[in-house]
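J.:
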Amino acid sequence: MKVVVEPGAPAGSPRLPQSVAAGDPEGLKVIPELGVLPENGAVQPASQPLGSEGARIHRPTHEHGQQQSPAELAERVRAAGLGLGFARVGFTRVTPLAVGETRFTEWLKNGYQGDLSYLETAARHQPQALLAQARTLIAVALSYRSREVVPLRSHAEGAPLTGVVARYARGEDYHDVTRGKLRRLADAVANLIGRPILARHCVDTAPLLERAAAERAGLGFAGKSTMTIVLGLGTFVTLGELLVDVEIAEDSPIEPRCGACRLCLDACPTGAFVDAFTLDARRCISYWTIENSGAIPRELRPLIGQRVFGCDVCQDVCPFNASSNVREANALPAHERLIAPDLIELLELGSARYRSFVKGTALRRVHREGLARNAAVALGNARDVRAVAPLIRVVAGHKSALVRAHAAWALGEIGPLVGESALECLRCAARHDRTAAVREEAGLALMRLYLAGATDGHSPERDSSP
C-alpha cells in the first residue's frame, strides 16, 4: 500500500488520515515508503551497548535527511512493529506515570507485594530514569492467545497425572522473544529516520510500570484483575517497551470498559483480590508457585489444584478473552511437553532432566526444588493412589527438606487408601527426619489419615512423637 493522499491535494503532498489508535491496527492507513529493513543486499549494522545500564546505539543501513512529522513517523514505526509480529504498537511521552505511581505506592504501603522486596528499590514510574535521553516510549503487546488441546496419551493404568502451566509460559520465553523483536524495531526506527538512535528495550525485568505505560500508550485499559485488557485480544498478551531518543506522536488512552462486571474478582480460587484493581500477592497462586521459594501455606495448598506454574483463572473468565480474535498470530506457540506436564516426572526431575525441561522457557524462573514442591502439592490435590509410590520415595530420600515436607503433606491428602507403606514412611519421617518442618508435616499427615479411617493398630499420638 502507498501513503494515502487526500483527493485534490497537490502532487507530492501526502497527508496522514485521522490518527490511528494503538488498539486498532486494522485502521492503519499509511504504510511506510521508506525502507525499514535492509534491502538489496544491505546489512543492518549491529547495535552496540552504551554504558552498563542497558542502552544501545542503533545505526541505520544508510543515512538520509528526509523529513517526516512525528505523526507520520508514528504510523511508519507502528507498521514496522506489526510487521515484526507485535499484535499492538503504541506511543506515549516519557513523563512520569502519575496514575500508576499512585496505585503502586498504595499497593506497596499495604504490603501486598509479599516478599518481593525488589519492587521497592526503584522509581518505576519514571521512564527517563531508564534512559535520560529518551523522548518517546514505544509500548508493544505480544499475543499468546490460543486454543490448545491437551494431547491424548495411552497408559495402561489410565490417563497420566498431569499439571497445569500458565499459557504464557508454555512456549518460548517471552523475555527472549520480545527483546529480539524490540531490538529489530529499534533498528527499524533508525532506518526510518536515517540517523543513529539511542534506545533501551524493556521487558518485565526492567524497573518500569509496564502496564501503566501500555495503558497510557493506548494499547488497552486496566482491568479489575489488574491485567491490561487489549481490545480484540483480551488479556492474553505480554508487554514490552522501547525507549528512544526520537520524537514520535503519542496515542490516546482507551477508556475502561469493565463496567459492573466482577467475574475475575469472584473466580479467583484463593480470594487474592482485595478489591477491583487490587491484588494481594500473598494469596496469589502465581506468587506461590513462581516467585516464592519457600513453603506454601497449608491453607492455600488445596486451592492451588493441579497448577504447577502460574494461574489463568482470572483471565479464563474474562468476557474480553471469550470474544477475542483467536486467529491473531500466537507469538508463543506451546511446546507439547508444557501443555500437560506429567506430575510424577516433575516430582522426580533430576538436574539434567530439569535443565532440558525448562530450557528456553519462562519456567527457568523456578528452580528444580520449586517445581518438585509444586508437583507434590498438585499430586496431593489429585488424590490418586498412583501418586503414592513416588511420594513415598520423595519423603524417604529427596535431598530437599522443602520437597520432602510437601510430599508428606500430599500423602496425607490422598486419604486412607495410601496403604501401609505410606503410613510407615510417614511414621519414620515424623520421628527421624533431620528437619523439623518435615517431621511436623509428616505428623500432621498421619493425623489426617487416621481421622480419615486409615487404621493399622498405631496411634497418631505415638506416630508423631519424636
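Here the sequence shown stands for residues 93 to 558, numbered as in this note's numbering.
Glycine residues also receive a C-beta, built at the ideal position from the N, C-alpha and C atoms.
For the region 498-513 and the region 533-548, state whether three or more C-beta atom pairs, one from each stretch, are separated by less than 8 Å.
T.: Short answer: they touch.
J.: Comparing alpha-carbon positions, which option in ALA481, GLN407 and ALA172 lies nearest TYR260?
T.: Looking at the Cα atoms, GLN407 is the closest of the given residues.
J.: So the candidates are TYR379, ARG429, TYR236 and LEU471; which of them puts its Cα closest to the Cα of VAL322?
T.: Nearest C-alpha to VAL322: TYR236.
J.: Looking at the structure shown, is ARG292 part of a helix, part of a strand, or coil, going by DSSP?
T.: In this structure, ARG292 counts as strand in the three-state DSSP scheme.
J.: Roughly how many whole angstroms lie between the Cα atoms of ARG447 and ALA464?
T.: Taking the straight line from one Cα to the other gives about 13 Å.
J.: Counting only the same chain and skipping the five closest in sequence on each side, list residues whose C-beta sits under 8 Å from that of THR228.
T.: So the list reads PHE183, THR184, ARG185, VAL186, LEU335, VAL336, VAL338, GLU339, ILE340 and GLU342, once near-sequence residues are dropped.
J.: Is it true that the region 299-319 meets the region 211-231, where meeting means three or more beta-carbon pairs spaced less than 8 Å apart?
T.: These segments touch.
J.: Could you spell out the range, first to last residue, of the beta strand (DSSP E) harbouring ASN180?
T.: One detail in the question is off: residue 180 reads as Arg in this sequence, not Asn. First-last of the beta strand (DSSP E) with ARG180: 180-184.
J.: Starting from GLN407, follow the alpha helix (DSSP H) in both directions and report where the run begins and ends.
T.: Element bounds for GLN407: 405-408.
J.: For ARG276, write down the residues that DSSP places opposite it in a beta bridge.
T.: Paired residue(s): none; ARG276 is not in a bridge.
J.: Check each candidate in ARG275, ARG216 and LEU174 and name the one with the smallest Cα separation from GLU193.
T.: The option with the nearest alpha carbon to GLU193 is ARG216.
J.: Could you check which residue in THR327, CYS353, ASP476 and ALA147 has the C-alpha nearest to that of ILE225?
T.: Per the sequence shown, the amino acid found at residue 225 is Gln instead of Ile. Out of THR327, CYS353, ASP476 and ALA147, ALA147 has the C-alpha closest to the C-alpha of GLN225.
J.: Strictly by DSSP, which residues pair up with ASP367?
T.: Per DSSP, THR370.
J.: Which residues mark the beginning and the end of the beta strand (DSSP E) in which GLY332 is found?
T.: Residues 329-336.
J.: May I ask which residues mark the beginning and end of the alpha helix (DSSP H) holding ALA467?
T.: Element bounds for ALA467: 460-474.
J.: What's the C-alpha gap between VAL256 and ALA359?
T.: Each residue's Cα considered, the two are about 17 Å apart.
J.: Cα-Cα, which of VAL269, LEU483, VAL281 and SER209 is closest to ARG170?
T.: For ARG170, the nearest C-alpha among the options comes from VAL281.
J.: Please work out which residues of its chain come closer than 7 Å, Cβ to Cβ, to CYS517, disregarding the five sequence neighbours upstream and downstream, and give them in chain order.
T.: Taken in chain order, the residues that qualify are ILE484, VAL487 and ALA488.
J.: With a threshold of 16 other CB atoms inside 10 Å of the CB of LEU200, please say whether the residue is buried or exposed.
T.: The residue in question, LEU200, is exposed, as its Cβ has fewer than 16 Cβ neighbours within 10 Å.
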